[in-house]
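Enquirer: Per our numbering, the very first residue in the sequence shown carries number 1; after that it's consecutive.
The structure that follows is given in the form of C-alpha cells.
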Amino acid sequence: MKTTLENANLTVQIKSMGAELVSIKDINNKEYIWEGNPDFWGKHSPVLFPIVGALKNDSYLCNGKEYKMSRHGFAREMEFKLIEKTNKKAVFSIESNATTLEKYPFAFELQIIYTLEVKNLHVGYKVMNHNDFEMPFSIGAHPAFALPNKFEEYSLQFSDQESLAYHLLEDNLIADSTKELPLDNKNSVALQYSLFENDALIFKTIGSKTLSIIENNTAFLRVQYNDFPSLGIWTMVNAPFLCIEPWLGYADTIDTNGNIFEKEGILKLAANETFASQYTIEIV
Numbered sequence: 001m002k003t004t005l006e007n008a009n010l011t012v013q014i015k016s017m018g019a020e021l022v023s024i025k026d027i028n029n030k031e032y033i034w035e036g037n038p039d040f041w042g043k044h045s046p047v048l049f050p051i052v053g054a055l056k057n058d059s060y061l062c063n064g065k066e067y068k069m070s071r072h073g074f075a076r077e078m079e080f081k082l083i084e085k086t087n088k089k090a091v092f093s094i095e096s097n098a099t100t101l102e103k104y105p106f107a108f109e110l111q112i113i114y115t116l117e118v119k120n121l122h123v124g125y126k127v128m129n130h131n132d133f134e135m136p137f138s139i140g141a142h143p144a145f146a147l148p149n150k151f152e153e154y155s156l157q158f159s160d161q162e163s164l165a166y167h168l169l170e171d172n173l174i175a176d177s178t179k180e181l182p183l184d185n186k187n188s189v190a191l192q193y194s195l196f197e198n199d200a201l202i203f204k205t206i207g208s209k210t211l212s213i214i215e216n217n218t219a220f221l222r223v224q225y226n227d228f229p230s231l232g233i234w235t236m237v238n239a240p241f242l243c244i245e246p247w248l249g250y251a252d253t254i255d256t257n258g259n260i261f262e263k264e265g266i267l268k269l270a271a272n273e274t275f276a277s278q279y280t281i282e283i284v
C-alpha cells in the first residue's frame, strides 16, 4: 500500500512495507528518489533499525546470550501501520512481536513521521522503550537520490569548512584506517565512482549538518541532519543514484567485543522513555 502526501510544490509517496519513502516529485514531474531498479539496488530509502550497518558475524551478545541480526536490522522488512494521515503528514508504526523478540529482546514501538512543508520533507523517528530496563538501539536513514545525468557532472557541497576523514570498511565492518576526502575552496567534492570502490564513505562524526547535491554549479537538493552525529555516503559503481545517510550509530568495528551495550556508537534509551530525531530533504 502507498500513501501520498502533496502540496503546491511536491508530491510524496511512501509504501507501508518498511514505511519506505519511494517518490518525491515536483510540479514538473521530476523524480528525486531512486527508482529502485534491482539490477543495481532494489531499495529506495530504507529505515535502519535497531542497528545501522553490519554486526560482526551477524550476531551480538545481550546479557550473555547470543542473538542473530542481519545488516541494517529488521524494520525495513516489516509492514508498518498507518496511524495518522493528512494531506501533509503521515505517521507509520511498528511494534515488537514474537518474531522481533527472537532477534532483539526488547519491547518497543517505532514511529516514522513524514511531514511535507513547502519544498521540504521532514522525516522523523520516534523510538519508544516499553521495557522497565534500558534499551540499546541505533537508527538511520538511507535515502537514494536519482542522478539521471552523467555521474561526474555532479558534486557534493558540505555546509562547513572542515577536514573530512572517512573510515574504510573491512568485511562490512569499520576498520581503524581512514582516508581524507579532499574538498575544494567551496567545501565541495566532485563525484566519481572511484570514491566508492571500497563501499560507503563513513563519517563517525561530521561537523557539516547540511549536504547539497550540485548539478551544473547549482544545488538542486539538500539533506539537513542536525540530530545525527554520523553520516554515510554511498553508491554502486555505474549506478545512477547517490545515498546520503544520516545515522545514529554505525556498523561494528573490527575489534568489537560483541556486547550490544558496549557497541561503539550505540544509543541507550532509559526505561519507558521516548527518543525522537528528524532529518529534512529540501528540494531547492
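Cβ coordinates follow ideal geometry from the N, Cα and C atoms, glycine included.
#1: Using the Cα positions of Lys288 and Val91, report the straight-line distance between them to the nearest angstrom.
#2: Do the CB positions of Leu269 and Met69 come within less than 8 angstroms of each other?
#3: Does the beta-carbon of Leu169 have 16 or more other beta-carbons within 10 angstroms, so that it is buried, or is it exposed?
#4: With DSSP collapsed to three states, give me the class of Lys56.
#5: For Asp171, which option in Glu6, Gly53, Phe40 and Leu48 has the closest C-alpha, if you only look at C-alpha atoms?
#6: If you reduce the DSSP assignment to three classes, tell me which class Glu285 lands in.
#7: Which of the three DSSP states is assigned to Arg71 in this structure?
#8: Drop a sphere of 10 angstroms on the beta-carbon of Pro246, count the other beta-carbons inside from all chains shown, and report buried for 16 or more, exposed for fewer.
#9: Can you grab the Cα-Cα spacing for the pair Gly140 / Phe220, in whole Å?
#10: Report yes or no: do the segment 150–169 and the segment 182–197 share at least 3 C-beta pairs separated by less than 8 angstroms?
#11: Can you find the residues in the same chain that come closer than 7 angstroms, C-beta to C-beta, to Cys62, ignoring five residues on each side of it along the sequence?
#12: Just the Cα atoms here: how many angstroms apart are Thr99 and Glu79?
#13: Between the C-alpha atoms of Trp234 and Gly249, what's the straight-line distance to the nearest angstrom?
#14: Met1: buried (16+ other C-beta within 10 angstroms of its C-beta) or exposed?
#15: Thinking Asn226 and Lys204 are a contact (beta carbons under 8 angstroms), I'd like their distance in whole angstroms, please.
#16: Assuming Gly207 contacts Asp160 (C-beta within less than 8 angstroms), just tell me the rounded distance between them.
#17: Report the option in Asp184, Lys126, His44 and Leu10 whose CA atom is closest to the CA atom of Glu95.
#18: If you follow the beta strand (DSSP E) that Lys103 is in, where does it begin and where does it stop?
Expert: With the given structure in hand:
#1: Nothing can be reported for residue 288, as the shown portion of the chain is limited to 1 through 284.
#2: Contact flag unset, no.
#3: Buried: at least 16 other Cβ atoms inside 10 Å.
#4: DSSP places Lys56 in helix when its eight states are reduced to three.
#5: Of the listed residues, the one whose Cα sits closest to Asp171 is Gly53.
#6: Residue coverage of the chain in this structure runs from 1 to 284, which leaves residue 285 outside it and unanswerable.
#7: Correct three-state label for Arg71: coil.
#8: With 16 or more other Cβ atoms from the protein chains shown falling within 10 Å of its own Cβ, Pro246 counts as buried.
#9: Just so you know, the alpha carbons of Gly140 and Phe220 end up roughly 23 angstroms apart.
#10: Pairwise C-beta distances place the segment 150–169 in contact with the segment 182–197, as three or more of them are shorter than 8 angstroms.
#11: Counting only Cβ-Cβ distances below 7 angstroms, and skipping sequence neighbours, we find Pro105 and Ile260.
#12: The alpha-carbon atoms of Thr99 and Glu79 are separated by roughly 13 angstroms.
#13: Near 16 angstroms, if we compare the C-alpha coordinates of Gly249 and Trp234.
#14: Under this definition Met1 is an exposed residue.
#15: Contact doesn't hold; Cβ gap of about 17 angstroms is too wide.
#16: With 8 angstroms as the limit, Gly207 and Asp160 qualify as a contact, their Cβ atoms being about 5 angstroms apart.
#17: Considering only alpha carbons, the answer is Lys126.
#18: Looking at the DSSP string, Lys103 is not in any beta strand (DSSP E); the run it does join, the alpha helix (DSSP H), is Ala98 to Lys103.
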